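Residue numbers (full-length UniProt numbering): 1 to 439.
This is the structure in structure tokens:
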């Protein structure tokens, strides 16, 4: 089930990156309208909806939707229904940046939608847009709801399967179709907090049932939309009585369903994968880095480290030994960086002989240790090859930290680049941490 959801989210992120771009452009258009006329009472929201093809919501400083093109949501108070989202909206309003989430639920209808948020320049309001994923044919080809329906048909002991967002709302269903009871919500909240699976016995439409809650951490969504819970409602007695037979059938049928989904995913998503990955090294490329929206988040008391890595005298390798030798060196360096960075890190080939590493939730000491290891491993590799070693190739690294040196990806990149220049100036083959005098 998790694989099917992840494939759906992958389709959202990879197959329609233009949606996020369009949402940001449309938000810019609305803000321009706001700058010309900040009186929402005079706006024709239905006409704006026709022009943009996306619903518009105006959220005030109290996190209440005061105006919009979707009448059912006007008056919705996020402090009442969604306190976690309300807190996040305050942060997003203050930052003034554009945000978009992969998928979430529209409360009134249960429709799965993509939402975006951006504050007006005066930060009095947030412009929220929504794009209906249910109406997109590409997304529907990957729709995990079809997998759920197939499982329910194949296995009568499964009463229902739901994907619950952080507020306990079921994706694709309205509140009338699925609303958690007090005990169910307690079990759901326990799973959301502990990330451990929980079960309870209860009633499902007059039948005794087991409610199983499984934590799902989306690798594509961010912030509050990242955390979800899979709810499986089933007849435990029927499952236990036919355990061996059902288990075999379940695995075979599940394999068939997921195989179909993954075949489609491979055929369509492969070109998208190549668009975001460097063909030579296999690393995420500059396009993937540019698309990265939230590279500056860190757990409390931790930091995010930005590394700019550059190969000293790489041009000499290409000029003296040929481009094939240069390509081989780049592939080996990419493998070294990938092997050295911890699980909380990501590496990008930014271009030429430049690499970017992002370490989330780290410390100064941990980041410096990683930098030293990268330089050492690259030096050790180069020493094995006399021709390459003669060119003087080494790795220089510049490091900046969030929140010390900035709170945006662009600012951290810029300051890491300044630190890189300082490292090269000191004699190359070493790292430097950004300091004020580097500016």
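Idealized CB from N, CA, C, for every residue including glycine.
All values reported here derive from a predicted model rather than from experimental measurement.
Helix, strand or coil at residue 434 [DSSP, three-state]: Sequence index remark: in the chain shown, residue 434 carries index 434 (1-based). Correct three-state label for residue 434: coil.
With 16 other Cβ atoms within 10 Å as the buried cut-off, status of residue 409: On the chain shown, residue 409 is found 409 positions in, with the first residue counted as 1. With 16 or more other Cβ atoms within 10 Å, it is buried.
Host alpha helix (DSSP H) of residue 94 (start-end): As a position in the chain shown, residue 94 is number 94, starting the count at 1. Per DSSP, residue 94 belongs to the alpha helix (DSSP H) from 83 to 95.
Residue 214 in three-state terms, based on DSSP: As a position in the chain shown, residue 214 is number 214, starting the count at 1. Three-state DSSP puts residue 214 in a strand.
Backbone CA spacing between residue 305 and residue 402 [nearest angstrom]: Position 305 of the chain shown, counted from the first residue, corresponds to residue 305. Position 402 of the chain shown, counted from the first residue, corresponds to residue 402. Taking the straight line joining both Cα atoms gives about 6 Å.
For residue 375 and residue 395, believed in contact at Cβ under 8 Å, the rounded distance: As a first step, residue 395 must be located in the chain shown, where it is residue number 395. As a first step, residue 375 must be located in the chain shown, where it is residue number 375. Indeed, because the Cβ distance is near 5 Å, the residues count as touching under 8 Å.
Sequence-distant residues of the same chain with beta carbon closer than 8 Å to residue 372, five excluded per side: Mapped onto the chain shown, residue 372 falls at position 372. Excluding sequence neighbours, residue 372 sits near 431.
Close beta carbons around residue 19, own chain, < 7 Å, minus the five adjacent residues each side: As a working note, residue 19 is residue 19 in the chain shown. Answer for residue 19: 114 and 131, listed in chain order.
Buried or exposed (CB count within 10 angstroms, at least 16 for buried), residue 21: For the purposes of this step, residue 21 is identified with residue 21 of the chain shown, where counting begins at 1. Under this definition residue 21 is an exposed residue.
Given 8 Å, three or more beta-carbon pairs between the region 374 to 389 and the region 324 to 343: yes
Residue from 33, 333, 161 and 404 whose Cα sits closest to the Cα of residue 436: Here residue 436 refers to the residue found at position 436 when the chain shown is read from its first residue. The option with the nearest alpha carbon to residue 436 is 404.
Beta-carbon contacts of residue 266 that lie in its chain and below 8 Å, excluding the five residues immediately before and after: Translated into positions along the chain shown, residue 266 becomes position 266. At residue 266 the pLDDT is 48, less than 50, meaning the model places this residue with poor confidence; the figure from the coordinates comes in the next sentence. Once the five neighbours on either side are set aside, residue 266 has no close Cβ partner at all.
Per-residue burial, residue 138 [other beta carbons within 10 Å of its own, 16 or more giving buried]: The count along the chain shown starts at 1 and reaches residue 138 at position 138. Its pLDDT being 47, under 50, residue 138 is placed unreliably in this model, and the value from its coordinates should be taken loosely. Its Cβ having fewer than 16 others within 10 Å, residue 138 is exposed.
CA nearest to the CA of residue 288, picked from 100, 38 and 277: Position 288 of the chain shown, counted from the start, is the residue given in the question as residue 288. It is 277.
Cβ distance (whole Å) where residue 204 is taken to contact residue 159 below 8 Å: By one-based count along the chain shown, residue 204 stands at place 204. By one-based count along the chain shown, residue 159 stands at place 159. Between residue 159 and residue 204 the Cβ distance is about 5 Å, and since that is below 8 Å, they are a contact.
Three-state secondary structure (DSSP) of residue 397: If you number the chain shown from 1, residue 397 lands on position 397. DSSP places residue 397 in strand when its eight states are reduced to three.
Three-state secondary structure (DSSP) of residue 404: The residue you call residue 404 lines up with position 404 of the chain shown. It is coil, neither helix nor strand.
Coil, strand or helix - residue 80 by DSSP: For the purposes of this step, residue 80 is taken as residue 80 along the chain shown, with counting starting at 1. Of the three classes helix, strand and coil, the one that applies to residue 80 here is helix, per DSSP.
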